[in-house]
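Visitor:
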Amino acid sequence: MSLYRDTGVVLRAHKLGEADRIITLLTRRHGKVRAVAKGVRRTTSRFGARLEPFGHVDAQFYTGRTLDVITQVETVDAFALPIVGDYQRYTAASAITETADRLTLDEGEPALRLYLLVTGALRALAEGGRDPSLVLDAFFLRAMAFAGWAPAITECARCGEPGPHRSFSVQSGGAQCGRCRSAGAVHPPAEVFLLLEALLHGDWPVAEATTQAVRRDVSGLVAAHLQWHLERQLRSLPFVERRARESPIAHQLGSDGTSTDPEVPGATQGTRERGVTHDATAT
Amino acid sequence: MYEGVVQDLIDELGRLPGIGPKSAQRIAFHLLATDPADIGRLQDVLGKVREGVQFCEICGNVSEQEKCRICRDSRRDTSLLCVVEEPKDVLAVERTREFRGRYHVLGGSLDPLSGVGPDQLRMRELLARLGAEEVSEVIIATDPNTEGEATATYLVRMLRDFPGLRVTRLASGLPMGGDLEFADELTLGRALSGRRAL
Numbered sequence: 001m002s003l004y005r006d007t008g009v010v011l012r013a014h015k016l017g018e019a020d021r022i023i024t025l026l027t028r029r030h031g032k033v034r035a036v037a038k039g040v041r042r043t044t045s046r047f048g049a050r051l052e053p054f055g056h057v058d059a060q061f062y063t064g065r066t067l068d069v070i071t072q073v074e075t076v077d078a079f080a081l082p083i084v085g086d087y088q089r090y091t092a093a094s095a096i097t098e099t100a101d102r103l104t105l106d107e108g109e110p111a112l113r114l115y116l117l118v119t120g121a122l123r124a125l126a127e128g129g130r131d132p133s134l135v136l137d138a139f140f141l142r143a144m145a146f147a148g149w150a151p152a153i154t155e156c157a158r159c160g161e162p163g164p165h166r167s168f169s170v171q172s173g174g175a176q177c178g179r180c181r182s183a184g185a186v187h188p189p190a191e192v193f194l195l196l197e198a199l200l201h202g203d204w205p206v207a208e209a210t211t212q213a214v215r216r217d218v219s220g221l222v223a224a225h226l227q228w229h230l231e232r233q234l235r236s237l238p239f240v241e242r243r244a245r246e247s248p249i250a251h252q253l254g255s256d257g258t259s260t261d262p263e264v265p266g267a268t269q270g271t272r273e274r275g276v277t278h279d280a281t282a283t
Numbered sequence: 001m002y003e004g005v006v007q008d009l010i011d012e013l014g015r016l017p018g019i020g021p022k023s024a025q026r027i028a029f030h031l032l033a034t035d036p037a038d039i040g041r042l043q044d045v046l047g048k049v050r051e052g053v054q055f056c057e058i059c060g061n062v063s064e065q066e067k068c069r070i071c072r073d074s075r076r077d078t079s080l081l082c083v084v085e086e087p088k089d090v091l092a093v094e095r096t097r098e099f100r101g102r103y104h105v106l107g108g109s110l111d112p113l114s115g116v117g118p119d120q121l122r123m124r125e126l127l128a129r130l131g132a133e134e135v136s137e138v139i140i141a142t143d144p145n146t147e148g149e150a151t152a153t154y155l156v157r158m159l160r161d162f163p164g165l166r167v168t169r170l171a172s173g174l175p176m177g178g179d180l181e182f183a184d185e186l187t188l189g190r191a192l193s194g195r196r197a198l
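Protein sequences, first through last, are from chains A and B. Going by the working numbering, the first sequence opens with residue 1, and the numbers climb by one from there. Going by the working numbering, the second sequence opens with residue 1, and the numbers climb by one from there.
In structure tokens, the structure reads:
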């Protein structure tokens, strides 16, 4: 029996049989691991709530024929408890774990940088000090950089001419200079480029000094850029609650004919207004 | 591979949840050896379950009529409403014999990763009931897991401004028959914060 031990974040949990679950973890040294947690759904399970999504755990596995089996688990950080106590943070955390799952196609392939990004983002959401929407957009930008799809912000995505530039094209991969500007490009305010740059490099004082309007525009662009490169829609993104109304840029992207391909959803995804219709009815 | 209809039966049984190929084969051969009268009863029930079973128009529980047995029962306390995820949770609460109110079945829990948001659950119906019925307390009895807790959080946010409504959540803590040293941090933390004076 081959045993190994690693720390990891629980990305997903699927029911298996009567009382088991298949747990998808993003681990520090073994990349994405799918393993069976036997009896975890029973109230007397020794795993308890440690293997719930968003949990950061130290686990021991033994290598199985198809799936590995989890034998012991200790909690490193209990991120789930504060995150599920706030619906906005829960939807943002769901989008983070889904993106991490999508970006790691091969199981067992180490992805240390992505693992650190996911734990950092979930820690920021659990601590609650920052706007969940900004944390999510910063994670998306840095996860895209990990995948090699970081948007060009300070130089032209096509010819590389140093900026600042005023146009942004999702299909071209970021900012565009006047000569390279393509038909579907949008023209966000200069503050949008500043916020994109700040989120990509973790400059939080600059990011947190921005207005809600600029954050909305950035959310729209980042969501469109991510889904263009993933080539599939993120299922959790339409449920992410943002603090305000949909971005005007998101509307531009969705209506200019460049982002209407059903395989490549527009930036309107992931810009749901906080306080949905039920709240309005309730009050 | 078996011939014809026997293999078809094994394939169909194998599509049921929790039934693997070996179990499907065992059940199929058990059915072949069973008294024809028993098979006839099984056939009857399978035929009726598709046509005869519907969802209660009030609470969303499975029912043979437009209103389920619990919603038709006039002895039930109409001021108490227990919100659960699935019809099987109604049965679980009923088995306690502690609750005499009525139920509201959401039809699942909020799970963005599976594409389930508030619009996919029976939340509008819950609001409509609270507006039309004299409910003084809503007991949120969603599962004590990540999705169930997030659903409870959403419900609390949705219902907290309802005038004169008390919103409560099932207590969570240590299971009977367990050892404290094996309790996970989340459960033990909940048990500590929810402790009560004796």
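For glycine and all other residues, C-beta sits at the position ideal for the given N, C-alpha and C. Quick caveat, the model's predicted, so the values are computed rather than measured.
1. Can you tell me which of B/S79, B/G18, B/L155 and B/G177 puts its alpha carbon nearest to the alpha carbon of B/L121?
2. So with Cβ pairs under 8 Å, would you call A/E18 a contact of chain B?
3. Residues of chain B with CB closer than 7 Å to the CB of A/S236, please, in chain order.
4. My guess is that A/L195 and A/R215 are in contact by the Cβ rule of under 8 Å, so how many angstroms apart are they, rounded?
5. Give the DSSP-derived three-state secondary structure of A/V40 in the structure shown.
6. Whole alpha helix (DSSP H) runs in the segment 120-146 of chain B with 4 or more residues, listed along the chain?
7. Between which two residues does the beta strand (DSSP E) holding A/A111 run?
8. Using a C-beta to C-beta distance shorter than 7 Å, which residues of chain B count as neighbours of A/S94?
9. Residues in the same chain with beta-carbon distance under 6 Å from B/T151, minus the five sequence neighbours each way, listed in chain order, please.
10. Using 8 Å as the threshold, is the C-beta distance between B/C71 and B/H104 below it?
11. Check whether the Cβ of B/E86 lies closer than 8 Å to any Cβ atom in chain A.
12. Assuming B/T168 and B/E149 form a contact by the criterion Cβ under 8 Å, report the distance between their Cβ atoms to the nearest whole angstrom.
13. Could you compute how far the alpha carbon of A/A175 sits from the alpha carbon of A/R232?
14. Could you tell me the distance, in whole angstroms, from the CA atom of A/T260 to the CA atom of A/G184?
15. Would you mind reading off the limits of the alpha helix (DSSP H) that contains B/L180?
16. Give the single residue among A/L136, A/L226, A/T71 and A/R46 whose Cα lies nearest to the Cα of B/L188.
17. With DSSP as the reference, identify every bridge partner of A/V186, one or two as the case may be.
18. Does A/T44 have its Cβ less than 8 Å from a Cβ in chain B?
19. Does the beta-carbon of A/Y62 have 16 or more other beta-carbons within 10 angstroms, so that it is buried, or is it exposed?
20. Which residue wins for smallest C-alpha separation from B/P163, given the options B/A33, B/E134 and B/R195?
21. For B/F162, name the three-state secondary structure that DSSP assigns.
22. Indicate whether at least one CB of chain A lies closer than 8 Å to the CB of B/A183.
23. Beta-carbon of B/N61 versus every beta-carbon of chain A: anything under 8 Å?
24. Determine the contact status of A/T153 and A/E208, defining contact as a CB-CB distance below 8 Å.
25. Using CA atoms only, rank isn't needed, just tell me which of A/V84, A/A147 and A/T91 is closest to A/L112.
26. Mind checking the segment 149-163 of chain B against chain A and listing, in chain order, the residues whose C-beta falls within less than 7 Å of any C-beta there?
27. Any beta carbon of chain B sitting closer than 8 Å to that of A/F140?
Guide: Walking through what the data contain:
1. Closest by alpha carbon: B/L155.
2. Cβ-Cβ to chain B under 8 Å: yes for A/E18.
3. Under the 7 Å cutoff, chain B gives P112 and L113.
4. Indeed they touch by this definition, with Cβ atoms about 7 Å apart.
5. Looking at A/V40 - three-state DSSP - the assignment turns out to be coil, as it is neither helix nor strand.
6. If you keep only unbroken alpha helix (DSSP H) runs of at least 4 residues inside the segment 120-146 of chain B, you get 123-132.
7. No beta strand (DSSP E) holds A/A111; DSSP gives it neither H nor E.
8. Residues of chain B whose Cβ lies closer than 7 Å to the Cβ of A/S94 are, in chain order, P112 and L113.
9. Correct list, in chain order: S109, L110 and T142.
10. In this structure, B/C71 keeps its C-beta atom at 8 Å or more from the C-beta atom of B/H104.
11. The beta carbon of B/E86 does not come within 8 Å of any beta carbon belonging to chain A, so the residue lies off that interface.
12. That pair is no contact at about 15 Å.
13. Those two C-alpha atoms are separated by around 23 Å.
14. The predicted position of A/T260 is uncertain, since its pLDDT is 35 and thus under 50; no value can be drawn from it.
15. B/L180 -> no alpha helix (DSSP H), and no H or E assigned at all.
16. Checked all of A/L136, A/L226, A/T71 and A/R46; the closest Cα to B/L188 is A/R46.
17. For A/V186, the beta-bridge partners assigned by DSSP are A/F168.
18. It does; some Cβ of chain B falls within 8 Å.
19. Under this definition A/Y62 is an exposed residue.
20. Measuring from the Cα of B/P163, the nearest candidate turns out to be B/E134.
21. Here B/F162 sits in coil by DSSP.
22. Yes, B/A183 counts as interfacial toward chain A.
23. False, the Cβ-Cβ gap to chain A never drops below 8 Å.
24. Rather than Thr, the amino acid found at residue 153 of chain A in this sequence is Ile. By the CB criterion at 8 Å, A/I153 and A/E208 fall outside the cutoff.
25. Comparing Cα positions, the closest option is A/A147.
26. For the segment 149-163 of chain B, the set of residues with a beta-carbon nearer than 7 Å to any beta-carbon of chain A comprises E149, A150, T153, Y154, R157, M158, L159, D161 and F162, in chain order.
27. Residue contact with chain B for A/F140: absent (no Cβ-Cβ distance below 8 Å to any residue of chain B).
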